[in-house]
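Inspection log for the structure reproduced underneath, given as C-alpha cells.
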Amino acid sequence: MKQSINCKSIHIHRGQNHLKWSNRVAPVQTINSGDIVHFDTIDGSNGQITKHSTNDVIHTFDISKADPAFGPVYVNGAEPGDALKIEILELEMSDWGWTAIVPGFGLLADEFAEPVLKIWQLDPALPYAVFKEGIHIPKRPFLGVMGVAPGMEGEFSMIPPLDTGGNLDCRYLTVGSTLYLPVQVTGALFSCGDGHVAQGDGEVCGTAIETSLKATLRLSVVKNQPWIAAPQFQTPSRKAAVAAAEVEADKGSYAATGIDSDLLQAARKATRNLIQWLVNTKGLTRAEAYMLTSVAGDLKITEIVDLPNYAVAMSLPLNIFVGE
C-alpha cells in the first residue's frame, strides 16, 4: 500500500509516545501546515503481546498501558476554532497481529469470562488474513487512535474517545480518507497509534486484528472551522477504495437483528444472535464467533424512531467464507 511521496522527512519513532491525553504533554516535533509526517507505531497492547504469546498473557495484561499514542506533533498556525486536517497517505502493516477476548471488556463481557488470544500470521503477499480454514478477512488497515489535545486541563484515559478524537476505532479511516479534528489548544498537538489490519463496525469483543503500523500522514490547518466540534471524516469512493476483484466476489451479507427498548441491549442481542448463527451454521465455537464478529461484523442502527423499541442489526459479508 505504498505510494511515492516527495517531502522532507519528519519521523516520530516508537519511543515518542504517551499514555494519557493532556495539553501538558510536550510536543516531540514542530511542523508547518501541510507537512507530511511518518509515524512508527507499536500495537495497542504496547508490546505486552508478542507473536509468541499464549492465553496466559491476558491474565497479566495491564489495560492502563494500552493504546499508546505517538507524538504529539505541534502544528504551526493551529489555534482554537480551527480544524486539523489529517490525510491518510500510507499505512504499512507488520507480518503478524492479534485478537483477544479480555475478561471484563467488550460488548458481551458478562458472557465471555475466559481469556482467549488469537495470533494472526499476516502474509504480505495476500490481500487477506486467514481466520481459519475457509474464512478470509480482507486487509483494510487503519489507525484506531488519532487525536489532538483536549482544551480541558487534566489527564484523560486513552480508552474512551473524546470530542478531540483519540480512540475512535473507525474502520473507514484507511488510506485515501481524510479526518478533521477540532483544534482546542494552540498547535493542536496531534498524536496517533493503535494500528488495525481489519475491524468491523463496533469492535464488539474489544479488539480488532491489532498490529503495529507505519503511517504516513499529511497534517494541515483549516482556519476558522468552529462548527467542527467533534471528529468528521471523508472517505474515497468505493471504486477507489475496494479492489475490483473484491467487488466481483461480493456475495452479499447475512444479518441478525436485536430488538429492545434499550439501544445497548438491542446491540447486545443482535451480536448474540449472529454468534449463534455462526455456531450453528459455520461450526465455530462461541469464542471464535465473538472474535469474528469483532474483526468483520458490522453493527448498524436500522430503526430508531418507532419508540419505545430500537432495532439493531449485526451483519457479516458472506464473501469472507471461501471454498465449499
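Take the sequence shown: its letter number 218 is residue 201 in our numbering, and every next letter is one higher.
Glycine included, every Cβ here is placed at the ideal spot set by N, Cα and C.
1. For S236 and I14, I'd like the C-alpha separation in whole angstroms.
2. Apply the 10 Å Cβ neighbour rule to R251 and answer buried if 16 or more other Cβ atoms are within range, or exposed otherwise.
3. Just how far apart, CA to CA, sit E73 and P291?
4. Residues in its own chain within less than 8 Å of Y293 by CB, not counting five upstream and five downstream?
5. Span of the beta strand (DSSP E) holding Y155?
6. By the 10 Å Cβ neighbour count, where 16 or more other Cβ atoms means buried, how is A96 classified, buried or exposed?
7. Measuring only the C-alpha atoms, how far is L145 from L202?
8. Counting Cβ pairs, one atom from each stretch, are 3 or more of them under 8 Å apart for the stretch 20 to 31 and the stretch 174 to 185?
9. Indicate the three-state DSSP secondary structure (helix, strand or coil) for S16 in the structure shown.
10. Do S298 and A212 have their C-beta atoms closer together than 8 Å?
11. So, P124 versus Y111, is the Cβ gap smaller than 8 Å?
12. A302 by DSSP, collapsed to three states: which one?
13. Return the CA-CA distance between T169 and N263, expressed in angstroms with no decimal places.
14. Roughly how many angstroms separate the alpha carbons of I258 and A272, rounded to a whole number?
15. What are the boundary residues of the beta strand (DSSP E) that includes R201?
16. Locate the beta strand (DSSP E) running through V99, then write down its first and last residues.
17. Report back the beta-carbon spacing between G117 and G189 to the nearest angstrom; my notes put them in contact at under 8 Å.
18. So A270 packs on V99, CB below 8 Å; how close in whole Å?
19. Counting along the chain, where does the beta strand (DSSP E) carrying H179 start and finish?
20. Quick check: the Cα distance between Y57 and Q217, rounded to an integer number of angstroms?
21. By alpha-carbon positions, which one of Y163, T240, V158, L151 ends up nearest to K197?
Walking through what the data contain:
1. For the pair S236 and I14, the Cα-to-Cα distance works out to about 44 Å.
2. By the neighbour-count definition (other C-beta atoms within 10 Å, threshold 16), R251 is a buried residue.
3. When rounded, the distance between both Cα atoms is 45 Å.
4. In chain order, I242, D243, S244, D245, L246, A249, I284, E286, I287 place their CB closer than 8 Å to the CB of Y293, counting only its own chain and leaving out the 5 sequence neighbours on each side.
5. Secondary structure note for Y155: it is in no beta strand (DSSP E), with a DSSP letter that is neither H nor E.
6. Counting of Cβ neighbours within 10 angstroms places A96 among the exposed residues, the total staying below 16.
7. Cα to Cα, L145 sits roughly 19 Å from L202.
8. Yes, they touch.
9. The answer is coil: DSSP assigns S16 none of H, G, I, E or B.
10. Against a cut-off of 8 Å, the Cβ pair of A212 and S298 comes out as no contact.
11. With a cutoff of 8 Å on beta-carbon distance, P124 and Y111 are scored as not near each other.
12. The sequence given here has Asn at residue 302, not Ala. The answer is helix: DSSP assigns N302 an H, G or I state.
13. Straight through space, the alpha carbons of N263 and T169 are spaced by roughly 55 Å.
14. Their backbone Cα atoms lie some 5 Å apart in a straight line.
15. Per DSSP, R201 belongs to the beta strand (DSSP E) from 196 to 205.
16. Its beta strand (DSSP E) spans residues 99 to 104.
17. Their Cβ separation, rounded to whole angstroms, is 25 Å, which puts G117 and G189 out of contact at 8 Å.
18. So it is a contact: roughly 5 Å between Cβ atoms.
19. Unbroken beta strand (DSSP E) run through H179: 173 to 179.
20. Approximately 23 Å between the Cα atoms of the pair.
21. Looking only at Y163, T240, V158, L151, the smallest Cα-Cα distance to K197 is reached by V158.
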